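Chains as they are written, first to last, in my numbering: chain A, 1 to 335; chain B, 1 to 335.
Number of protein chains: 2
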Amino acid sequence: MGRVSIRDIAAATGYSPATVSNVLNKKGNVGAKASSIILDAVQRMGYHRANQLERVIFAVARVTGRIVDVSPFHPGVYAGIERGAKAFSLKASMTTLDLTNPSTRKDAVAELAQNANAGVILLATEMISDDEYALFEGFDLPLVVLDGWSDKLALDCVTIANEPAAYRATTLLAEKGHERIGYVGSRIRIKNFPQRERGFRHVLEDMCLPFDEKNRILVDPSPEQGYLELCAWLDDNPPLPTAFFCDNDLVAAALIRALNAHGIRVPDDVSVMGFDDEQLCQVIQPTLSTVHVPRHKMGEMAVRRLFEQTTDIRLAPCITMLHTTIVQRQSIKRI
Amino acid sequence: MGRVSIRDIAAATGYSPATVSNVLNKKGNVGAKASSIILDAVQRMGYHRANQLERVIFAVARVTGRIVDVSPFHPGVYAGIERGAKAFSLKASMTTLDLTNPSTRKDAVAELAQNANAGVILLATEMISDDEYALFEGFDLPLVVLDGWSDKLALDCVTIANEPAAYRATTLLAEKGHERIGYVGSRIRIKNFPQRERGFRHVLEDMCLPFDEKNRILVDPSPEQGYLELCAWLDDNPPLPTAFFCDNDLVAAALIRALNAHGIRVPDDVSVMGFDDEQLCQVIQPTLSTVHVPRHKMGEMAVRRLFEQTTDIRLAPCITMLHTTIVQRQSIKRI
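Here is the structure:
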């Protein structure tokens with residue numbers, strides 16, 4: 001007998017080639033018993049996919065462009081992907097996947113799937129709706145979704161452990177004596193942000209700290225527009241909390257700038273906590289305390305998952321959430 | 001130079017041995033720059049831990065005993081641990097970690113940490129409070145938490161992707177035409193259950209289905225007591241939804257029994273969805289549609305993470321959430 005094919009496995013187990021293919025592609029719609037029988041045959045008969053993984057394509061999905069085009073997040077991830085690819089002797093490249101136009105995005109995904117012997121790491125930061133994830137149902141190449149996830153599809157995903165991160169960042173503020181803590185977020189609610197807000201609120205509940213919903217401010221994610229909106233809010237002289245937790249560093253920086261412009265000193269009058277540990281944290285005055293996101297490690301982990309998808313037939317699809325660390329700089333004060 | 005020690009790395013990098021130790025033990029309280037310098041030195045100088053991983057201890061944490069003592073969940077996980085351990089040439093054993101008594105539990109954890117050359121996979125199903133997780137802060141052995149997680153501590157955890165699982169299970173009910181869906185849960189709210197409820201409610205919101213809070217019933221998790229409570233609820237002749245999503249198979253089975261005792265037929269009058277795919281699903285009448293939890297794969301994944309902790313110094317701690325599959329049996333009907 002020559003190379004074992006999907007048809008050979010179908011013949012040996014009594015299932016259809018389509019069912020065998022669904023199991024091999026981890027479609028998740030085959031019963032546990034059938035899956036087990038097929039996987040046993042796969043191992044016993046020594047089946048290997050014809051499509052060997054030779055290269056990793058980092059596809060940056062642009063839906064609005066509002067987040068990915070301005071964020072220095074994905075270059076860091078890509079550096080990790082390159083390092084991970086090297087460790088597995090794979091080539092790496094980066095491309096943009098344009099999902100801005102609903103009438104052409106199906107074709108864009110189909111074109112991406114044409115890359116022979118490739119696996120795709122999809123940067124899903126801007127992918128919020130189920131419709132966008134549905135484009136990848138039945139995607140033909142090995143796939144790992146990065147910085148996003150779907151509740152509907154059992155996709156392999158690598159994300160940040162947002163809720164624990166926000167929990168620990170907010171706990172730090174509380175431990176420094178802050179009892180009235182506000183929340184400044186982005187009005188564009190990418191999937192990370194509600195999770196961060198959940199971790200934030202969880203601390204207030206656990207510590208029985210009150211939360212005044214007036215101190216929950218959502219602004220435009222761009223630095224200039226966010227700054228103007230925060231200035232407009234401060235113009236009304238609202239009673240301020242002693243600290244703010246922010247969705248990300250950009251809105252935190254806009255907040256610090258707006259506070260400074262109103263003669264409110266950071267951290268003497270108000271403490272500010274960011275999220276992401278972008279380079280700007282070390283540049284602004286005062287330097288910004290924040291949550292360090294392990295971008296390199298996210299990229300490395302995504303490559304590892306991609307590689308294991310193609311080599312370990314029994315691997316379970318899963319969502320991998322990487323833990324973060326807190327970086328203390330000048331923007332937070334004990335009161 | 002002989003074997004490289006922590007002191008050698010401290011001398012070469014200028015950091016204290018304590019800081020080097022914190023980085024090696026992934027304590028997460030060392031800055032990103034210092035961590036990077038130390039890890040570079042570790043790789044360059046060829047440091048290896050003295051404590052080699054030789055065996056895996058599966059420690060079943062008993063807090064109340066109400067869940068782990070009656071559930072057939074952990075034998076399945078342990079079978080996966082044994083398989084995973086074999087693949088990495090490790091020995092495996094199982095033990096109970098008694099956390100029922102607050103005055104002796106610290107000693108119990110310390111005793112567990114005495115096992116030389118061992119790594120611990122901790123079954124945390126019953127560990128709900130931060131106090132219980134805090135017992136493992138600074139735990140001396142490699143550790144992976146299974147079926148639980150902490151928002152406070154950056155522990156390596158392997159869990160079920162509960163929210164996506166409940167989302168897909170509830171979507172199936174909705175797709176079968178059910179518009180009024182109830183929720184039957186366990187009164188003991190282990191960490192999985194609120195996440196499952198969140199996935200359940202998420203579908204109702206997405207599909208604009210109303211939810212009558214009277215159809216959210218929490219009962220004792222034991223089959224007999226749960227059955228009696230559900231009977232008492234049904235005695236009041238409440239207006240019933242056409243389907244129920246249940247926290248787990250045990251309460252689903254209690255519900256089916258109570259419905260049967262009241263002359264309400266499953267699935268002709270009411271459809272029922274369980275969660276866990278315990279063996280009882282194939283035994284009761286009608287057989288129970290449910291969510292299959294990949295217990296073997298959870299065990300295998302936990303061993304893999306434990307192994308990587310001790311061999312891959314750059315590994316990021318993370319929460320790994322395994323995807324599930326839905327098993328359709330007789331308890332659900334299209335209406």
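Ideal placement from N, C-alpha and C gives every residue a C-beta, glycine not left out.
If you're wondering where the values come from, they're calculated on a predicted model, not measured in any experiment.
At 3 residues or longer, what runs of the beta strand (DSSP E) sit wholly inside the region 26-71 of chain B? 55-62
Listed by chain order, chain A residues near B/K297 by CB distance under 9 angstroms: Counted from its first residue, the second sequence places residue 297 of chain B at position 297. Those within 9 angstroms of B/K297 in chain A are R314, L315, A316 and C318.
Beta strand (DSSP E) runs contained entirely in the region 220-287 of chain A, provided each spans 3 or more residues: The qualifying runs are 243-246 and 271-273.
Roughly how many angstroms separate the alpha carbons of B/G226 and A/D147, rounded to a whole number? Walking along the second sequence from the start, residue 226 of chain B turns up at place 226. Walking along the first sequence from the start, residue 147 of chain A turns up at place 147. Straight-line Cα distance between these residues: approximately 41 angstroms.
What does B/D151 reach in chain A if we use C-beta pairs closer than 8 angstroms? For the purposes of this step, residue 151 of chain B is taken as the residue at position 151 of the second sequence. Going along chain A in sequence order, the residues near B/D151 (Cβ under 8 angstroms) are E163, P164, Y167, R168, G199 and H202.
Count the other CB atoms within 10 Å of the CB of B/V20; is the residue buried (16 or more) or exposed (fewer)? The count along the second sequence starts at 1 and reaches residue 20 of chain B at position 20. By the 10 Å Cβ count, B/V20 comes out buried.
By the criterion of Cβ-Cβ separation under 9 angstroms, what are the contact partners of B/H292 in chain A? By 1-based counting over the second sequence, the position of residue 292 of chain B is 292. Going along chain A in sequence order, the residues near B/H292 (Cβ under 9 angstroms) are G31 and A32.
Same chain only: Cβ atoms within 7 angstroms of A/P72, ignoring 5 sequence neighbours per side: Residue 72 of chain A sits at position 72 when you count from the first residue of the first sequence. Closer than 7 angstroms at Cβ, skipping near neighbours: E278 and Q279.
Is there contact here, the region 166-173 of chain A with the region 256-275 of chain A, by at least three beta-carbon pairs under 8 angstroms? A contact exists between the region 166-173 of chain A and the region 256-275 of chain A.
Residue range of the beta strand (DSSP E) that includes A/H178: Residue numbering aside, residue 178 of chain A sits at position 178 when the first sequence is read from its first letter. Note, A/H178: premise wrong, no beta strand (DSSP E); not H, not E.
Which word fits A/G199, buried or exposed, when buried means at least 16 other C-beta atoms lie within 10 angstroms of its C-beta? The residue labelled residue 199 of chain A in the question sits at position 199 within the first sequence. So A/G199 ends up on the buried side.
In whole angstroms, give me the CA-to-CA distance for B/R7 and A/P317. As a position in the second sequence, residue 7 of chain B is number 7, starting the count at 1. As a position in the first sequence, residue 317 of chain A is number 317, starting the count at 1. One C-alpha to the other measures close to 41 angstroms.
Using only the alpha-carbon positions, how far apart do A/M1 and B/H323 sit? Numbered from its first residue, the first sequence carries residue 1 of chain A at position 1. Numbered from its first residue, the second sequence carries residue 323 of chain B at position 323. With a pLDDT of only 39 at A/M1, under the threshold of 50, the placement of this residue in the model should not be trusted; the figure read from the coordinates follows. One C-alpha to the other measures close to 36 angstroms.
For B/R305, three-class secondary structure by DSSP: Here the question's residue 305 of chain B lines up with position 305 in the second sequence. The answer is helix: DSSP assigns B/R305 an H, G or I state.
Entirely within the region 115-187 of chain B and at least 4 residues each: give me those alpha helix (DSSP H) ranges in chain order. 130-134 and 162-175
Could you tell me the alpha carbon to alpha carbon distance between B/Y47 and B/G138, rounded to whole angstroms? The residue you call residue 47 of chain B lines up with position 47 of the second sequence. The residue you call residue 138 of chain B lines up with position 138 of the second sequence. Roughly 21 angstroms separates the two Cα atoms.
Spatial distance of A/V338 from B/C281 (CA atoms): In the structure as shown, chain A starts at 1 and stops at 335, and residue 338 of chain A therefore has no counterpart that could be examined.
Coarse secondary structure for A/H292, derived from DSSP in three states: The residue you call residue 292 of chain A lines up with position 292 of the first sequence. Note: A/H292 maps to strand in three-state DSSP.
Rounded to whole angstroms, what's the CA-CA distance from A/P17 to A/L90? Just pull it up for me. As a first step, residue 17 of chain A must be located in the first sequence, where it is residue number 17. As a first step, residue 90 of chain A must be located in the first sequence, where it is residue number 90. Approximately 30 angstroms between the Cα atoms of the pair.
Exposure label - A/A110; buried when at least 16 CB within 10 Å: For the purposes of this step, residue 110 of chain A is taken as residue 110 along the first sequence, with counting starting at 1. Exposed: under 16 other Cβ atoms inside 10 Å.
Below 8 angstroms on the Cβ atoms is my contact criterion, and I expect A/E305 with A/V144 to pass it. Report the Cβ-Cβ distance as a whole number of Å. Counted from its first residue, the first sequence places residue 305 of chain A at position 305. Counted from its first residue, the first sequence places residue 144 of chain A at position 144. Per the sequence presented here, residue 305 of chain A reads as Arg, with Glu not at that position. That pair is a contact at about 5 angstroms.
What are the residues in the region 274-289 of chain A lying within 8 angstroms of chain B by C-beta distance? D277
For B/M301, return the contacting residues in chain A, with the cut-off set at a CB-CB distance below 9 angstroms. Translated into the one-based positions of the second sequence, residue 301 of chain B becomes position 301. Chain A residues near B/M301: L315, A316 and C318.
Residue range of the unbroken alpha helix (DSSP H) whose run includes B/L209: Along the second sequence, one-based indexing puts residue 209 of chain B at 209. Careful: B/L209 lies outside any alpha helix (DSSP H) and carries neither H nor E.
Within a Cβ cutoff of 7 angstroms, which residues of the same chain sit near A/A261, ignoring the five residues on either side of it in sequence? For the purposes of this step, residue 261 of chain A is taken as the residue at position 261 of the first sequence. Hits under 7 angstroms: C231.
Let me check one thing: in DSSP terms, what residues is B/R198 bridge-paired to? On the second sequence, position 198 is the one that residue 198 of chain B refers to. Paired residue(s): none; B/R198 is not in a bridge.
Within the chosen definition, does the region 119-134 of chain A reach the region 65-80 of chain A through at least 3 CB pairs nearer than 8 angstroms? yes
Give me whichever residues DSSP pairs with B/I326 in a beta bridge. For the purposes of this step, residue 326 of chain B is taken as the residue at position 326 of the second sequence. DSSP output for B/I326 lists B/V291 as bridge partner(s).
Determine the direct distance from the alpha carbon of A/V56 to that of A/Q114, and round the result to whole angstroms. Locating residue 114 of chain A in the first sequence gives position 114, counting from the first residue. Locating residue 56 of chain A in the first sequence gives position 56, counting from the first residue. Cα-Cα distance, rounded: 13 angstroms.
Closer than 8 angstroms by beta-carbon distance: list the chain B residues that pair up with A/T96, in chain order. The count along the first sequence starts at 1 and reaches residue 96 of chain A at position 96. What A/T96 touches in chain B: nothing, since even the nearest Cβ is about 26 angstroms away.
First through last residue of the alpha helix (DSSP H) which encompasses A/A85: Within the first sequence, residue 85 of chain A is the residue found at index 85, counting from 1. Residues F73 to A87.
Thinking C-alpha only, which one of A/R314, A/S331, A/F88 and A/D156 is nearest A/L24? Indexing the first sequence from 1 puts residue 24 of chain A at position 24. Closest option to A/L24, Cα to Cα, is A/R314.
Could you name the residues of the same chain whose beta carbon sits closer than 6 angstroms to that of A/K337, not counting the 5 residues immediately before and after it, in chain order? In the structure as shown, chain A begins at 1 and stops at 335. Residue 337 of chain A is therefore absent and cannot be evaluated.
Taking 8 angstroms as the threshold (beta carbon to beta carbon), is A/M321 in contact with chain B? For the purposes of this step, residue 321 of chain A is taken as the residue at position 321 of the first sequence. Taking Cβ atoms only, chain B reaches closer than 8 angstroms to A/M321, which makes this a yes.
Below 8 angstroms, how does it come out for the region 280-299 of chain B and the region 244-262 of chain B: are there three or more Cβ pairs, yes or no? yes
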